[in-house]
Structures are given as C-alpha cells and as structure tokens.
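Some notes on the structure that comes next.
2 protein chains.
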Amino acid sequence: MAKDFPTRAENYSQWYNDLVIKADLAETSAVRGCMVIKPSGYAIWEKMQSILDKMFKDTGHSNAYFPLFIPKSFFSKEASHVEGFAKECAVVTHYRLKNSSDGKGIIVDEDAKLEEELIVRPTSETIIWDTYRNWIKSYRDLPLLINQWANVVRWEMRTRLFLRTTEFLWQEGHTAHATREEAIAEAEQMLSVYADFAENYMAVPVIRGIKSPNERFAGAVETYCIEALMQDGKALQAGTSHFLGENFAKAFDVKFLSKENKLEYVWATSWGVSTRLMGALIMAHSDDNGLVLPPKLAPTQVVIIPIYKNSDQLAVISETAVKIKNNLQAKGISVKYDDRETQKPGWKFNEYEFKGVPVRIVIGPRDLENGTVEVARRDTLEKSVYQIIDIEKKIVNLLDSIQDNLYQKALAFRDENTRKADTWEEFNTLLDTKAGFVLAHWDGTPETEQKIKDETKATIRCIPLNNTPEEGKCIYSGKPSKQRVVFARAY
Amino acid sequence: MAKDFPTRAENYSQWYNDLVIKADLAETSAVRGCMVIKPSGYAIWEKMQSILDKMFKDTGHSNAYFPLFIPKSFFSKEASHVEGFAKECAVVTHYRLKNSSDGKGIIVDEDAKLEEELIVRPTSETIIWDTYRNWIKSYRDLPLLINQWANVVRWEMRTRLFLRTTEFLWQEGHTAHATREEAIAEAEQMLSVYADFAENYMAVPVIRGIKSPNERFAGAVETYCIEALMQDGKALQAGTSHFLGENFAKAFDVKFLSKENKLEYVWATSWGVSTRLMGALIMAHSDDNGLVLPPKLAPTQVVIIPIYKNSDQLAVISETAVKIKNNLQAKGISVKYDDRETQKPGWKFNEYEFKGVPVRIVIGPRDLENGTVEVARRDTLEKSVYQIIDIEKKIVNLLDSIQDNLYQKALAFRDENTRKADTWEEFNTLLDTKAGFVLAHWDGTPETEQKIKDETKATIRCIPLNNTPEEGKCIYSGKPSKQRVVFARAY
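The listed protein sequences derive, respectively, from chains A and B. For the first sequence, our numbering gives the first residue as 3, with consecutive numbering after it. For the second sequence, our numbering gives the first residue as 3, with consecutive numbering after it.
This is the structure:
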C-alpha cells in the first residue's frame, strides 16, 4: 500500500498529497478545485464538527441556516469587504437550461437571465447582516449568538486537498452585541475555543495572536488567529475570529434601541474554522508510514486483529476478542474487530497502520494460552504485551498517553523551530535553511510588511497576544520596534 | 402573540405561513425562493438529522461529501434524468467580478467565463456516479453504502417555507450493489427507515407505496415513497427511495468484476428526505393556538415557569424548580427553567404554548406548600396537579403519552379521511367536498393518470405496498383494474 509513497524528507508536498489520497481521505473531482471528501476523511470531519458544535453550544450559541446565494449588490455595501471577497467567486447568471436546437445536448436558456447576478457565498457576513436588520430592534434582542455549518466557494487558482479548495466546508459564527467591549470579549472567547480545540483535541499547539493590518479579514477591525507549525516548517492558519466593529451594522443599517432609549449601531463578530483543519491534522502528526491520528479525533480508536490457522482457532480467539471489544466500547472507545478471512494479518497490520488507527491489539493462539495480547501504538510503533485481565483500563490510559505524546512531540518540534532573527541576513538565512517560526522586530508599517513578503515570501503570521515587550530595530527598515512578531512562510 | 393569526378553518394556507414565521422557525430571505432557517426551526432539523443519521449508520451507511457544482454535460448522460433535473436550476457561468468602469459597483468580468457552465446540484446522482467509476472495480468494493448531508437548489417558481424552496437542506443516500435483488432490498430497507422515522419520531402515519411511472424519479426504475396526510386533506410526499437499476452505471460506465470474473454493470439506489419534513411536522400536529411538537423532536421538552410576588418567593421556588430540572435532565429530558423577571407568567404561558413545548410545569407558593405543581400538556391543553415527590417518572410517562396521542390522533384523522370512490362523479365530489386520500381503480396507463390530473389536480400518490387485490373498473376510462390506488391533491 505504501509503495510509491515518498518520505517527508524526500518530498514533503508529494508525501502529503499521496497520503490524503492513499489513506482514502479525499480526492479531486471532475469539477476544477472541488474535492470529494471520502468516508474515511468525512468521519474525522464529523468528529471535529460534533466536538466544536458542543463547544459552541456550551458558550451559548445556536445554529441557524442562511442562503447559499448572495445578491451581487450586497458585496458593494461594505467597502473593504468587497475588495477581499467579491472578486474570485462563482457567479450564477441564469436559472434555466434548454435542449440545444442541434439536439446535441443542453444549453443555457438566454431568456432565463437573472436581473441581478447571485454570488455563491464565499462567507456570509453580508446576507446575515441584511437578515439581522429585522431581528434586532432592542437591547433585549442582544446578544445574538448564531453559528452556521455550511459550504462556501472561493475561486482559488491553485488548490490542494483540504488546504485550499474552491468549495470547502466550514462553520461561521456571526454574533451581534450591544457594546464594543462585549463584542471584543466574544471574539476573544471564540479564539480560546479554537485554541482549546486545536491543542486538546487535534494535539496541535498554536500561537494565539492578532493579524497585522495587511493580513486582516476584509471588513474587520481586528482579526484574532491561531497559527500552527507543520512538519516542513511552514505555518498554517488554523482558525480566525474577527472583531468587526460597527462596520457591517453600518453597511446594513442595523440599529438597536439601548437601555437608555438611544438608537445605536450594533457591534459584531464573526469566526470560522474549516475543512482546512483536516489538512493541519494530517500534516502535523503523520509520518512516513502513513496517517497518525490523535485518539480523540480517530473514528476508530482501537482495532483488534486475530491470528489463526483454522476456524476452530478463530472461534476461540473471537470469543475473547468480542469480550474485549464490548468492554472497551462500554468505556466509550470505538473499536473495530477485523476478523475478515479475505485478508491476511500482515495486510491488516499495514492497512490500519497506514490509516492511523491509534492502537492495534493482536490476539493469537499462544497469546490466549498466556492470557495476554500484543498491543501496538501507532504514534511510536512500539509493541507491548498486555495481560487480558485488566486490559480495558490500560487501553484507556494508552489512548490518553498517545494523545498527550502527540501534543508534546508537536510542541517540542515547534519550540525547536521557533527562532529569533535580529538582522535581515539572519532572517533570510533562517527562512531558507531552517524554516519554522521566526521572531523578529518589525516597524509596524504595512509597507515594510509588504516588502518583506515580496522579497522573502514570509508573512507576519501574527502579533502574539500577551507578547513580551522588547525594544529593538525592524529587521527590514531598521526603525525602532517595541516587540517581536511571528514571521513564517505559510500554507 | 397569536393575534392576526387565522385559524386553520379560516385559512389553512395562511395559518401555516403565519405559524412558521411567528413561531420563529423560518423566514423568506433577500434571495428569491431561498429561506433563512431560524434557530428555533434549525434546532428541530438538528434533532431530525441526528436521529436519521444514526438510523443510516445503524444500517451500515457512511457519510461523505461531493461537490456542490456539476458540469453541465453530466446531466445529458442519463437520458430521462436530464428531462427531470437539468432544466430549472442555478447556472454558474463566470468565476470573477470586477469594479465597474463607472465606479458605481461591481460587475461580472466577461474575461472570466467558464468553458463549461456549472450547475448547482439539484440532486447528486451524476457527479456521484462519475466518482464511483473509480471507486468500484471488483465485487469486493460492493456494496458501497454512502450518504451525504447537503444543500441542493431547484429553481422553483412558487415557493413556500420548508415545503418548496429554491435551496433546501437534505440527505441523499447513493448506494451501489452487485445484484438487482440487493439494490431492491436496499431501496425497500431505506423506505422502512423513513417510515419508521415518520411514524415513531414525527408521529405522522404514512402509506408506504410505489410511484406510478408519471410520478417516478427521473432516472429511476422504481420509486418507493411514503405519503402523509395533512390536516387540510392534502397529501404530502415525505420521503422517496429509488431503485435506479443499471441506469446510472451505464450512463457513467461503472462496471465491476464479479466473483465469476465477469465484467458487469453496478446496480444502484438513491434515497432522500429534506427540510420539507419540517413542513410536514408543523402541518400534521399544530393547532389554532400555535405549534404542536412531538416530544421526540421537541428541542425543549419541558418548560418550568415560577409564579411569585417577590424575590424571596422566587428563591424558594427556584430551589425546587432547579431540583426538578436536574432530575429530569438526568433522565435525558431537555428542560428550560424560565425565571426571567422581564416577562410575566402569562406572557410565558402564551409563548411556550405557541412555540409547541410539549409540557409546562408551573410552580407557585401555594403549590410548594402542598408539595405539588401544575402540569399542562400542549397537545390537549389539559392541566393536572402532580405530586412533586415522584414527578420525574410521571413526566417521562406523560411525554410518552403525548408522543403516542399525537400519532393516534393523526392516524384517526387519516383513517377518517381515506375514502373509496367507485365512479368519476363520486371521485370528483370527494375531492371537492372532503379532500383526503381517495382509493380508486385506475387502468394503469400514464395517459389516464395525466388526464385525471389535468381535470382534477389530483395525482396518484402511490400504489400501496402489499395492496389488497380487488377487481374493478377505472374511474376515468372504465377499463378493468386489479387494485385501488391512492389519489389525492398534494403539496
């Protein structure tokens, strides 16, 4: 299975693409830039969704659903938003097809041209704030805390499975508040939710920060983000949370009567994560043997494989295997017992290793005699012999330990690959030889940031929250700076 | 709240529209024919989704995700499918917008015209079978049992919230099988799943049947359906399951190597239910006082309302209320304790009655002295006094009893409104004076069915499964018939 599969060192980019396809997670489709998410990949996404959805509900949010289409004119209403989002997008111009006169197929019916074109949503601020105008009249209607799970479309020129696709799946939260302070608190709260999810479920350490103006969401006053580091030393933005100020309320005329009986504009946030997280998850932990999944997001956490010579042996082994399976399931662990006779044990070992099942339990006749099983963990590939008698408790502990190990390993990797640069030369050398996060001084101007990007392809990933003040000089302009910011080349 | 709200008898259609909007379930949007599903409505849809999703997984299906867009040419590949689906649909022709030269807004960039137009999926058979071609090589790859939760778009001219909207949410199952028999068994199994869901969760009795050729899904060999009766005597198709034969396998060249080493076409099914079920649910049970929800689908099953004169009283009542709430939640019941001081008890009574919360518990100072509470059930509006001491068990029983009562009431209504017609005159009189299901003989020809539809607006809802054979004469043509079929005017 893992043949024709380059190692990370040989070709990281190819390693990722091959892994996604060979592990049956996703594939390209007949539609340019759009992916098919296969059952194995979608099962991981469903786990992500259900955990995030609970986190959103626990913080007071409700789900709703808004239209796929947005009238073209809506995009012109928020000045900076139109620049960021209304350009590369799918445009619906007609609503009917008809048989072609030559009988060779179907063609667009020119009589069915829309008066105003519809844009397939690249993000939903405009249609949602157009709707909120009717929902919000008084301070009693606030805060309005809504999330939507949806598909969105951005016409990307270069696409990569999960990381950048024309259509992708995501959630977008859109909240409305009576005060600036409440809206900022909400944006910061949702950043914490995302960071919690990344670190405690995905086992991916992240830097929490704010974006520089150049990298800010189109229409936002402040964009908060979490930034992760991949194994090739490139950064990946894993989630963003925006404080939108009164921008969309003003663009869509959304006002409320305050407790003091004054008509005021509403304060807004929006925040989202997408199937891009799948790319981050795969890239962060997997190795040259295939996928590695943190137990909390693995659709199958434990696989049990029997080794036997005949059906009598299988029957005896199955009795124990099913008992272990049931006991593990009773503890909330998802277990697959693969007793298929159509595949050999060696094939099964490779298969589940490649697909990232965290724990493999192997039971053979000799094991049974000894009251033991062989347990292999996917993250380190280590094998141990476990007594059957208290196996459930040990497997629970092992899963916890794998989850923790993956996080610690990713954290150590990030720490090793976060370096300081104090000169332009150092900065360039680090980017070209070591990659990773580079902490450097910046003079705070968009012009300098743009020049650094043009010359090195590195961007400011974020200005970390609670950053340590430090006097220094901008690596590019030499002008004074009061803190280091995080630079990296990014996905 | 229920002011300006007609009764069902006054204007059933207006009653439904007003109910959907005033109960905050959904509303029309700025985009023609597309709805916004509001949090209260979406919460019901989420309950439906989670129950159905479990049913699909319990019957061996996995979820996946396929592209929103379908190349236009795909629709021409299955001859009858193109007639049914490739006409009234949203067509994407361009992928970029630009600033207009007059600076007044944004316009479509004519340089960014797609070589081949993309259709926003009205249903996904074509793109999915194009994908399955690469997934299915051998009998070992079968059966392939996949479901997708997605949004779809059909450019409807007349739309109604939930019942018929341009964009709607649904699930679509698409399965592939080695034999005709297996595919038919799958289509029938999924019809049973839908019927089980309609009857045991929605509390809506349904007739299981097959569609006449005129009403069959475009591309299907056989369409199975469940048909429900609404309170105005009109039928509503609540779900369909299609046996697609080898039609899509042939159109997209999907073959497999059989156990006998022969290359054969794959057999297919597809099946779906949509947010239309929300319309059925609302119409089936609600009354002139507002929404009525079966407990199994009610996002809030029990509301507790305190009655008090001062904050000391409230504190004492709250102690008991919270205890009851926690005990009910421990039994898996969703409970809201509404102790808001901003609204009066009477307002709260109306609110939760209108929004269909199945059970209301009211606690006042006198109740506490007696160790009792007042319990009102939404379905019959009856009130009872319950001892607090064993209230949890009684509430569980009450919810079961409401669920059962709603089903029995709907079943009795359907039975009362299912009548036989033996002549054309009888048939017309029944349709015009009583509505409901009319069981009548039909000669089995599409021509007669079409004429009956043209003259009466009634369609054959289905030919019931396990129908009783009965010799008779077609009500329209007088030709011989061997069974009665179900006619009705329908949504």
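Glycine included, every Cβ here is placed at the ideal spot set by N, Cα and C.
Tell me, please, which residues DSSP counts as bridged to residue i.
i        : result
A:Pro466 : A:Gly211
B:Thr420 : B:Phe439
B:Arg1   : Summary: the structure shown does not reach residue 1 of chain B, with chain B confined to residues 3 through 493, and so no result is reported for it.
A:Tyr339 : A:Ile306
B:Gly175 : B:Asn149, B:Trp273
B:Phe258 : B:Glu266
B:Pro73  : B:Leu120
A:Arg162 : A:Arg166
A:Lys101 : Residue identity differs from the one stated: residue 101 of chain A is Asn in this sequence, not Lys. Paired residue(s): A:Ile108.
A:Met37  : A:Thr30
B:Tyr388 : B:Val375
To the nearest angstrom, report how far apart residue i and residue j are at their CA atoms.
i        : j        : result
A:Lys389 : A:Asn202 : Residue identity differs from the one stated: residue 389 of chain A is Gln in this sequence, not Lys. Roughly 30 Å between the two C-alpha positions.
B:Met192 : B:Glu229 : 15 Å
A:Val154 : A:Glu169 : 6 Å
A:Val110 : A:Arg98  : 6 Å
B:Glu119 : B:Ala92  : 10 Å
A:Gln239 : A:Thr95  : 33 Å
A:Glu427 : A:Ala253 : 45 Å
A:Phe489 : A:Arg416 : 13 Å
A:Ile397 : A:Ala197 : 27 Å
A:Lys395 : A:Pro367 : 23 Å
B:Val256 : A:Leu21  : 26 Å
B:Glu457 : B:Thr242 : 26 Å
A:Val387 : B:Leu144 : 37 Å
B:Gly211 : B:Val223 : 14 Å
B:Ala32  : B:Gln150 : 27 Å
B:Asn468 : B:Thr61  : 23 Å
A:Lys298 : B:Gln485 : 56 Å
A:Asn13  : A:Phe7   : 10 Å
B:Glu451 : B:Ile209 : 19 Å
A:Ala187 : A:Ala270 : 11 Å
A:Thr133 : B:Val38  : 8 Å
B:Trp172 : B:Met204 : 16 Å
In or out: residue i buried (at least 16 other Cβ within 10 Å) or exposed?
i        : result
B:Met3   : Note that B:Met3 has pLDDT 47, beneath the 50 cutoff, so the model's placement of it is unreliable and the number below is only indicative. Burial call: exposed.
A:Asp369 : buried
B:Lys300 : Here the sequence assigns Ala to residue 300 of chain B, which means Lys is not the residue at that position. With 16 or more other Cβ atoms within 10 Å, it is buried.
B:Thr472 : Residue identity differs from the one stated: residue 472 of chain B is Glu in this sequence, not Thr. So B:Glu472 counts as exposed.
B:Lys74  : buried
B:Thr9   : exposed
B:Thr167 : buried
B:Thr225 : buried
B:Thr344 : exposed
B:Lys59  : exposed
B:Ser483 : buried
A:Met232 : buried
B:Ala282 : buried
B:Trp157 : buried
B:Ser102 : exposed
B:Ala317 : exposed
Quiz prompt | Contact residues within the stretch 246–278 of chain A, judged by C-beta distance below 7 Å to chain B | solution = none
Quiz item: Of the residues that make up the stretch 147–178 of chain A, which ones have a beta carbon closer than 8 Å to any beta carbon in chain B?
Solution: Ile148, Ala152, Asn153, Val155, Trp157, Glu169, Leu171
Self-check item: Interface positions of the stretch 76–91 of chain A facing chain B (Cβ-Cβ less than 8 Å), listed along the chain
Solution: Phe76, Phe77, Ser78, Val84, Ala88, Lys89, Glu90, Cys91
Quiz item: Do the stretch 376–390 of chain A and the stretch 265–283 of chain A touch if we need at least three Cβ pairs shorter than 8 Å?
Solution: no
Self-check item: Chain-ordered residues of the stretch 64–76 of chain B with a beta carbon less than 8 Å from chain A
Solution: Ser64, Asn65, Ala66, Tyr67, Phe68, Pro69, Leu70, Phe71, Ile72, Pro73, Lys74, Ser75, Phe76
Quiz item: Hey, is the stretch 56–69 of chain A in contact with the stretch 119–136 of chain A, meaning 3+ C-beta pairs nearer than 8 Å?
Solution: yes
Quiz item: Given a limit of 7 Å on CB to CB distance, which residues of the stretch 107–121 of chain B reach chain A?
Solution: Gly107, Ile108, Val110, Glu119, Leu120
Practice problem: Examine the Cβ distances between the stretch 273–287 of chain A and the stretch 47–60 of chain A and report whether three or more of them are shorter than 8 Å. | Solution: yes
Quiz item: Counting Cβ pairs closer than 8 Å, one from the stretch 137–148 of chain B and one from the stretch 176–184 of chain B, do we hit at least three?
Solution: Short answer: they touch.
Quiz prompt | Near-chain A residues of the stretch 432–453 of chain B - C-beta to any C-beta below 9 Å | solution = none
Quiz item: What residues in the stretch 14–43 of chain A have a beta carbon less than 7 Å from any beta carbon of chain B?
Solution: Ser31, Ala32, Val33, Cys36, Val38, Ile39, Lys40, Pro41
Quiz item: Counting Cβ pairs, one atom from each stretch, are 3 or more of them under 8 Å apart for the stretch 321–330 of chain B and the stretch 470–486 of chain A?
Solution: Three or more beta-carbon pairs separated by less than 8 Å are not found between the stretch 321–330 of chain B and the stretch 470–486 of chain A, which leaves the two stretches without contact.
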